[in-house]
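Take a look at the structure below.
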Amino acid sequence: MSETTQGKIVTIFGGSKCGHDSEEYREALSLGRRLAEAGFTICTGGYLGVMEAASRGAHEAGGRVLGIVMNQFRAEPNRFLTEKVATDHFYDRLQNLITRSVGFVALRGGMGTVTEISLVWNKLQTGVLAKRPLVLLGDCWPKVVSSWKENLVVSTTDVSYLEFASNADEASAMIIEKTQGVVV
């Protein structure tokens, strides 16, 4: 493990409905593996889809995998977690996913993923979180962000807080490079 990354947490967001045969699952599996091999701890929401894939990739690489789960959910967490943190409220869950992380990667998902991205992005914009990478992985994100710029009050400066990657190789390289010196 690299001394500069050992123990640093990277949170991976993405849809729970992305199946094993989806592009998002394959990319999250690779991303989790690559980041764990680089010495990062992987943190996810702990359930299925992208969360399971990232957890699985990290677990299979011998990495530490945190799952921030909700006591209200009836679903069982994925079996690849090495540690589980249970929360009672959605906002507490989001805070746990965000506050200890040196970087974030989001893959395609639903409104939960959009909520997670929005919260991190807003905290970066307002300085509540010190600068750290928020990488949007996949072909969907440039179109989504372009639509936000066109239809909402989102400026070029706002978009400058985001990084875009087309695959797990690019996303992991961005996280590794841009988390050098990030302290939480």
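In this note's numbering, each residue carries its 1-based index in the sequence shown increased by 20.
We put the beta carbon where it would ideally sit given N, CA and C, even for glycine.
Since we're looking at a predicted model, the values are computed, not measured.
May I ask which residues mark the beginning and end of the beta strand (DSSP E) holding residue i?
i: Lys-169; result: From DSSP, Lys-169 is part of no beta strand (DSSP E) but of the alpha helix (DSSP H) over 160–171.
i: Glu-96; result: Glu-96 -> no beta strand (DSSP E), and no H or E assigned at all.
I'd like to know whether the C-beta atoms of residue i and residue j end up nearer to each other than 9 Å.
i: Leu-157; j: Ala-126; result: yes
i: Cys-38; j: Gly-65; result: no
i: Ile-195; j: Pro-153; result: yes
i: Gly-77; j: Leu-117; result: no
i: Ala-191; j: Val-164; result: no
Are there 16 or more other CB atoms within 10 angstroms of the CB of residue i, so buried, or fewer, so exposed?
i: Asn-98; result: buried
i: Phe-93; result: exposed
i: Val-205; result: Since the first residue of the chain shown is 21 and the last is 204, residue 205 is not available in this structure.
i: Val-30; result: buried
Looking at C-alpha atoms only, which residue of the options is the closest neighbour of residue i?
i: Gly-199; options: Thr-61, Val-173, His-40; result: Going by the sequence as given, residue 199 is Thr instead of Gly. It is Thr-61 whose Cα lies nearest to the Cα of Thr-199.
i: Gly-147; options: Arg-84, Phe-100, Gly-35, Asp-178; result: Asp-178
i: Gly-35; options: Met-131, Glu-96, Gly-83; result: Met-131
i: Phe-110; options: Met-90, Thr-119, Thr-102, Leu-101; result: Met-90
i: Lys-245; options: Cys-160, Ile-118, Arg-128, Arg-84; result: Because the chain here runs from 21 to 204, residue 245 falls outside it and cannot be looked at.
i: Gly-123; options: Glu-80, Asp-41, Gly-129, Lys-143; result: Lys-143
i: Glu-57; options: Lys-169, Ala-150, Lys-28; result: Lys-28
i: Tyr-45; options: Cys-63, Asn-187, Val-203; result: Asn-187
Could you check where the alpha helix (DSSP H) with residue i kicks off and where it finishes?
i: Phe-110; result: 110–119
i: Val-70; result: 70–80
i: Gly-201; result: No alpha helix (DSSP H) holds Gly-201; DSSP gives it neither H nor E.
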